[in-house]
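Protein chains in written order, with the working numbering: chain A, 1 to 369; chain B, 370 to 863.
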Amino acid sequence: MSDVYSPVAGPHTHATAGVGGIMLQVMLALVPATLFGIWLYGWPALNLFVVTLSTCAIAEALSVRIGGRSAAAALGDGSALLTGWLLAMTLPPWAPWWIGVVGGLFAVMVGKQVFGGIGQNLFNPAMLARVVLLIAFPLELTTWIAPQPLTQTGSPGFVEGLAITFTGVTPERLDAVSSATLLGHLKTEIGRGTQLTAALDGWYEPSQAWFGHMAGSFAETSALLILLGGLYLMVRRIIDWQIPAAMLGTLALLASLMHMIAPERYADAGVHLLSGGVMLGAFFIATDPVTSPSTLRGRLLFGAGCGLLVYVIRSFGGYPEGVAFAVLLMNAVTPLIDHYVRPRIYGRDIHGRPRTIASKPKPDAEKPS
Amino acid sequence: MILRLFRIRGGVHPPEHKHPTASRPIEACPLPARLYVPLQQHIGAPAEPVVQVGEKVLKGQLIGHAQGPVSAPVHAPTSGTVTTIAPHAAPHPSGLPVVCVTIEPDGEDRWESAPAETDPFLLTPREIGERVAAAGIVGMGGAAFPSAVKLGAATRTPIHTLIINGGECEPYLTCDDRLMRERAVEVIDGVRIMLHGTQATRALIAIEENKPSAIRELKRAARIDERVMVVRIPALYPMGSEKHMIQTLTGRELPPGRLPADLGLIVHNVATAFAVHRAVRFGRPLISRIVTVGGGALREPRNREVLIGTPIEDLVECCGGFAEEPARLLMGGPMMGQVIPWNAPVVKGTSGVIALTREEIHIGETRACIRCGRCVSACPVGLMPLEMASRIRADQFDGAVDHGLNDCISCGSCAFVCPASIPLVQFFNFAKGELVARKTAQDKSQVLKLMAEQRQARLEREAREKAEAAARKKAEREAAKRAEQEAAARETGT
Numbered sequence: 001m002s003d004v005y006s007p008v009a010g011p012h013t014h015a016t017a018g019v020g021g022i023m024l025q026v027m028l029a030l031v032p033a034t035l036f037g038i039w040l041y042g043w044p045a046l047n048l049f050v051v052t053l054s055t056c057a058i059a060e061a062l063s064v065r066i067g068g069r070s071a072a073a074a075l076g077d078g079s080a081l082l083t084g085w086l087l088a089m090t091l092p093p094w095a096p097w098w099i100g101v102v103g104g105l106f107a108v109m110v111g112k113q114v115f116g117g118i119g120q121n122l123f124n125p126a127m128l129a130r131v132v133l134l135i136a137f138p139l140e141l142t143t144w145i146a147p148q149p150l151t152q153t154g155s156p157g158f159v160e161g162l163a164i165t166f167t168g169v170t171p172e173r174l175d176a177v178s179s180a181t182l183l184g185h186l187k188t189e190i191g192r193g194t195q196l197t198a199a200l201d202g203w204y205e206p207s208q209a210w211f212g213h214m215a216g217s218f219a220e221t222s223a224l225l226i227l228l229g230g231l232y233l234m235v236r237r238i239i240d241w242q243i244p245a246a247m248l249g250t251l252a253l254l255a256s257l258m259h260m261i262a263p264e265r266y267a268d269a270g271v272h273l274l275s276g277g278v279m280l281g282a283f284f285i286a287t288d289p290v291t292s293p294s295t296l297r298g299r300l301l302f303g304a305g306c307g308l309l310v311y312v313i314r315s316f317g318g319y320p321e322g323v324a325f326a327v328l329l330m331n332a333v334t335p336l337i338d339h340y341v342r343p344r345i346y347g348r349d350i351h352g353r354p355r356t357i358a359s360k361p362k363p364d365a366e367k368p369s
Numbered sequence: 370m371i372l373r374l375f376r377i378r379g380g381v382h383p384p385e386h387k388h389p390t391a392s393r394p395i396e397a398c399p400l401p402a403r404l405y406v407p408l409q410q411h412i413g414a415p416a417e418p419v420v421q422v423g424e425k426v427l428k429g430q431l432i433g434h435a436q437g438p439v440s441a442p443v444h445a446p447t448s449g450t451v452t453t454i455a456p457h458a459a460p461h462p463s464g465l466p467v468v469c470v471t472i473e474p475d476g477e478d479r480w481e482s483a484p485a486e487t488d489p490f491l492l493t494p495r496e497i498g499e500r501v502a503a504a505g506i507v508g509m510g511g512a513a514f515p516s517a518v519k520l521g522a523a524t525r526t527p528i529h530t531l532i533i534n535g536g537e538c539e540p541y542l543t544c545d546d547r548l549m550r551e552r553a554v555e556v557i558d559g560v561r562i563m564l565h566g567t568q569a570t571r572a573l574i575a576i577e578e579n580k581p582s583a584i585r586e587l588k589r590a591a592r593i594d595e596r597v598m599v600v601r602i603p604a605l606y607p608m609g610s611e612k613h614m615i616q617t618l619t620g621r622e623l624p625p626g627r628l629p630a631d632l633g634l635i636v637h638n639v640a641t642a643f644a645v646h647r648a649v650r651f652g653r654p655l656i657s658r659i660v661t662v663g664g665g666a667l668r669e670p671r672n673r674e675v676l677i678g679t680p681i682e683d684l685v686e687c688c689g690g691f692a693e694e695p696a697r698l699l700m701g702g703p704m705m706g707q708v709i710p711w712n713a714p715v716v717k718g719t720s721g722v723i724a725l726t727r728e729e730i731h732i733g734e735t736r737a738c739i740r741c742g743r744c745v746s747a748c749p750v751g752l753m754p755l756e757m758a759s760r761i762r763a764d765q766f767d768g769a770v771d772h773g774l775n776d777c778i779s780c781g782s783c784a785f786v787c788p789a790s791i792p793l794v795q796f797f798n799f800a801k802g803e804l805v806a807r808k809t810a811q812d813k814s815q816v817l818k819l820m821a822e823q824r825q826a827r828l829e830r831e832a833r834e835k836a837e838a839a840a841r842k843k844a845e846r847e848a849a850k851r852a853e854q855e856a857a858a859r860e861t862g863t
């Protein structure tokens, strides 16, 4: 009974959610979009998913062992698996195995463990790895394929899937299946001076974009399934509405405004919201607790910043997609936001000075309603 | 009339665990073999014993009188013999002893005086204050601040509203709930006496919505006085915090360092109101209280009316003992209660004795902070507990103070929600203690420096005076010599 009397401070009861539980909920919310991605792009996509997640788990275990800590405890919180999961979802589905390995190693070891492990990293590890891969291996990271559903005849079988992932896709096969993403296509066409309506013709159908039956990253094409996952996280109180709402809202507002000004040059809000990694970014990446502000007002600011940067990079930058860059740039601003945007303390004004007691109060001063 | 309520920031909803005791009536507890009545059960100076070892005392007899402006007297909870006046374990996590008057009951439970009823409304507010002070009443919600001192504030600052705290937002605790349900008339009488004592124009009795029976009973009893209003408030922890109750009921916030009286308010607990009723109407001192004895480790959780000084051990025994070994034994509720030694006695501020099992505590291994911000959202004061903790971890106490450490009310909402099981309140209490220690050391060194300077000045002054005296003497001697020579010269010259 010795620790019955150890003078520990309260509270002596605790809520049920643990770090591992939170990560598990997030992974659960990712399952529908992930399964859809596997169905949409077939065996190679599943292979890449497995490779990336395993690499992240091994990298995490290796890193904490070097640091002299328990690998089981570190893996138990699920954060390394989640990092791998999110990274895999943003990769081209038929990317070779070593993309997953290099990305996974970089995400966990450089993106997270070098900073001191979970909770210490300044940047979102998955996005950091994705940007590094994009800059180091631009070809592999921009080789997109048209949907090859598992159920469709002609889609690669298990053995051929292994071959695609581990020995590379043959040029003939690639020619048959490769396709640009919507954003990539628009960037090229608009840059060439094509009118927007002509460029969108046959490429963009809102209902299709909602379901995600198009070329793109492994598991970010289905706006609907990602939205459902995000809503689930909100209902379970794993994430707040501030970041997704501010990010999507800002992006939609800017897109609508620019579309109104130059309708044949700038795509409308629908195209922006339903393409690329915006949905995944808004609900699952920008909401990463470690790298986003910890106050609700700070999160509004952070989300708005992400939305603004996504729009700026997509419309005026060199890359067709900007979610990863936008999130990383806002990650860098997070400490600043947390320093300046603090809640008002009870009994004090917003600058932290004690509130003054204005007048001698009377009971009638409080109006009954 | 419906009172407009105001929202408070943050807060949490811990599982209530109130049902095991809420449905059962208050029961008495058998006389223990020994009572340990601490002379310090309140904030302020300890009482001075006025009885001798071996002396026979009667129930209600004064055994320690108040010392200084903030203190409270202590009375014998039953008749018997004083066996020792010596240090005994106090209900405090430190386990440090306080001086207790040990009484061996004679079993007769004989009062010092026959009951005599006074009409409290014929007394002056000052007399009410005196009676409350003489009865040794302290805040019974747990803070144990001498009630008469609070009531006395009304003589200096006009009070318009008396707030009666029936929130009882801590899980497990139902002692106030049962008191309100079973002794509503007496509670209302106490409230009216306090209204008379403070000359306030209205009383608001705030009760959380999870106690509908208590609200009903008190509303019924309050019909006799239109100044008394029972207010149903949301069930949200820490609604029972004085600052947050004031905000909920009035929309006003208490600036740091100010008292409710500065806003024309005074806040008392419902159990205090009941004690005031007994003291002022019947002249009975505070010698017993209702205690919730609960927690999963206990066989028969109950509300018991317990004599002050009853050892926790005896109290647990009269509730059937432990069903399993408790993982933690607490005084108060699980959010803000404190770990106490097994042999400590029940005191005036003991609202509950809670024996928790490991499952009930439900704390995981402490992990690294993932900056999820749940603590920020839960904090009812508007602090950023994660930032404070990271500063404290790095020994940057000033940084923690800059983030509002001194505004923290230690309610534990942050640590309750923390998914990484970081003992945030432990961090903050440590830092607060460390800051006090540093301040003390600084004050001490300043005093030492001042003393050294004064000594130096004294030595210099003395040296100077000595030198001056010597110079004066020399001058006098020389003057005398000169005078002599001049006189001689004059003599020879003439």
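Even for Gly, the Cβ is constructed at its ideal location relative to N, Cα and C.
The alpha carbon of Gly-536(B) has as its nearest neighbour, out of Thr-719(B), Ile-615(B) and Cys-748(B), the alpha carbon of Ile-615(B).
Taking all protein chains in view, the Cβ of Ser-482(B) is surrounded by fewer than 16 other Cβ atoms within 10 Å, so the residue is classified as exposed. Approximately 23 Å separates the beta-carbon atoms of Ser-179(A) and Ala-136(A); this is outside 8 Å, ruling out the contact.
Interface residue (Cβ-Cβ distance to chain A less than 9 Å): Gln-825(B) is not classified as such. The Cβ of Tyr-319(A) sits no closer than 9 Å to any Cβ of chain B. Contacts with chain B at 9 Å (Cβ-Cβ) include Pro-11(A). Between the C-alpha atoms of His-646(B) and Leu-531(B) there is a straight-line separation of about 15 Å. By the C-beta criterion, the region 230–250 of chain A is judged to be in contact with the region 295–312 of chain A, since at least 3 inter-stretch pairs fall below 8 Å. DSSP places Thr-453(B) in the strand class (E or B) of the three-state scheme. Inter-segment contact for the region 745–753 of chain B and the region 340–357 of chain A is present: three or more beta-carbon pairs are separated by less than 8 Å. In terms of beta-carbon proximity, Tyr-346(A) lines the interface with chain B, with at least one pair separated by less than 9 Å. It is roughly 20 Å from the alpha-carbon of Phe-796(B) to the alpha-carbon of Arg-697(B).
At least 9 Å separates the CB of Lys-808(B) from every CB of chain A. Of the residues assessed, Asp-201(A) falls on the exposed side of the cut-off, its CB having fewer than 16 other CB atoms within 10 angstroms. The C-alpha of Trp-43(A) lies about 30 Å from the C-alpha of Ser-63(A). Just so you know, the alpha carbons of Pro-92(A) and Asp-175(A) end up roughly 16 Å apart. DSSP, reduced to helix, strand and coil, places Asn-534(B) within a strand of the structure shown. Listed in chain order, the alpha helix (DSSP H) runs fully inside the region 606–690 of chain B are 611–619, 639–645 and 681–687, counting runs of at least 4 residues.
In the three-state DSSP reduction, Ala-458(B) falls in the strand class (E or B). In this structure, the straight-line span from the alpha carbon of Leu-251(A) to that of Val-310(A) is close to 7 Å. One thing to note: Pro-654(B) has its Cβ within 9 Å of the Cβ of Ala-503(B). For Glu-577(B), the enclosing beta strand (DSSP E) begins and ends at 571–577. As the crow flies, the alpha-carbon of Glu-686(B) is around 18 Å from that of Arg-393(B). Excluding its 5 nearest sequence neighbours in each direction, Ala-789(B) has C-beta neighbours in its own chain below 7 Å: Thr-735, Arg-736, Ala-737, Cys-738 and Ile-739, listed in chain order.
Per DSSP, the unbroken beta strand (DSSP E) holding Val-599(B) starts and ends at 597–602. The continuous beta strand (DSSP E) containing His-434(B) extends over residues 431–434.
Between Val-381(B) and chain A, the shortest Cβ-Cβ separation is below 9 Å.
Taking C-alpha positions only, Ser-207(A) is separated from Leu-182(A) by approximately 14 Å.
Per DSSP, the continuous beta strand (DSSP E) segment holding Ile-723(B) begins and ends at 721–725. Shortest Cα-Cα distance from Met-279(A) to any of Asn-121(A), Phe-211(A), Pro-263(A) and Leu-141(A) involves Phe-211(A). The straight-line gap separating the alpha-carbon atoms of Ala-435(B) and Val-290(A) is approximately 54 Å. Interface with chain B (9 Å Cβ-Cβ cutoff): Asp-268(A) is excluded. Those residues of the region 290–306 of chain A placed with their C-beta closer than 9 Å to a C-beta in chain B are Val-290, Thr-291, Ser-292, Pro-293, Ser-294, Thr-295, Leu-296, Gly-298 and Arg-299, ordered along the chain.
Annotation: Ala-199(A) to Cys-787(B) spans about 50 Å, alpha carbon to alpha carbon. Here the region 408–426 of chain B lies against the region 453–473 of chain B, with 3 or more beta-carbon pairs under 8 Å apart.
For the pair Gly-802(B) and Phe-766(B), the Cα-to-Cα distance works out to about 11 Å.
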